[in-house]
Amino acid sequence: MFERFTEEARAAVTGAQAQAVRLGHQRVRAGHLLLALIDDDAGAGARALRSAGADPGPLRSSAEEVLGAVDERRREGRGLLEKLRGGHIPFGGDTKTALKGALSAAVQRGQGDIGAAHLFLGVLTDETGTAVHALEEAGVDVPALHAAAESAADGG
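This is the structure we're talking about:
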């Protein structure tokens with residue numbers, strides 16, 4: 001699947017993994033992907049965020065808090081599993097949903113490549129995921145953000 005990702009989308013996935021490592025988390029969550037997408041001020045995620053009138057500062061803090069709470073709940077009893085994995089940080093369920101959503105967004109538009117705008121739409125797919133939860137906690141108008149992300153994915 002990643003062979004269809006644009007350079008910007010691949011950088012976002014790599015950035016999400018780096019965010020998970022930086023925060024000491026055991027899984028790469030959609031919230032990590034959100035952080036990576038908004039870190040690039042010129043990227044699709046940051047543009048959609050600004051277009052929806054949202055400020056990335058409070059969102060970053062909110063995302064880190066939400067991700068920390070989710071990771072803390074999952075930490076108990078995972079020591080052996082981590083040793084068996086050899087340090088690899090797997091994707092969480094909401095990240096897998098986001099990646100599938102990105103593929104779906106590209107296919108619906110008849111686009112062969114999956115770009116950062118598609119990835120941002122994918123992040124918004126799981127309404128119960130860490131990314132949407134962080135957006136809501138930061139007071140972001142998620143429907144307005146979704147509309148801005150749709151416009152970006154459509155080339156607008």
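Quick note, the sequence shown lines up with residues 1 to 156 if you use UniProt numbering.
All C-beta atoms in this analysis are idealised placements derived from N, C-alpha and C, irrespective of residue type, glycine included.
| Item | Value |
| --- | --- |
| Do the stretch 39 to 51 and the stretch 110 to 120 make contact, defined as three or more Cβ pairs closer than 8 angstroms? | yes |
| For H133, I'd like the list of residues in its chain whose CB is within less than 7 angstroms of its CB, leaving aside the five on either flank, ordered along the chain. | V66 |
| What three-state label does DSSP hand Q19 in the structure shown? | helix |
| Assuming contact is defined by CB atoms lying nearer than 9 angstroms, are G155 and T125 in contact in what I supplied? | no |
| Could you check which residue in A153, E7, S61, L99 has the C-alpha nearest to that of Q19? | S61 |
| What are the start and end residues of the alpha helix (DSSP H) that includes I38? | 30 to 39 |
| Could you check where the alpha helix (DSSP H) with H25 kicks off and where it finishes? | Counting along the chain, H25 falls outside any alpha helix (DSSP H), and DSSP gives it neither H nor E. |
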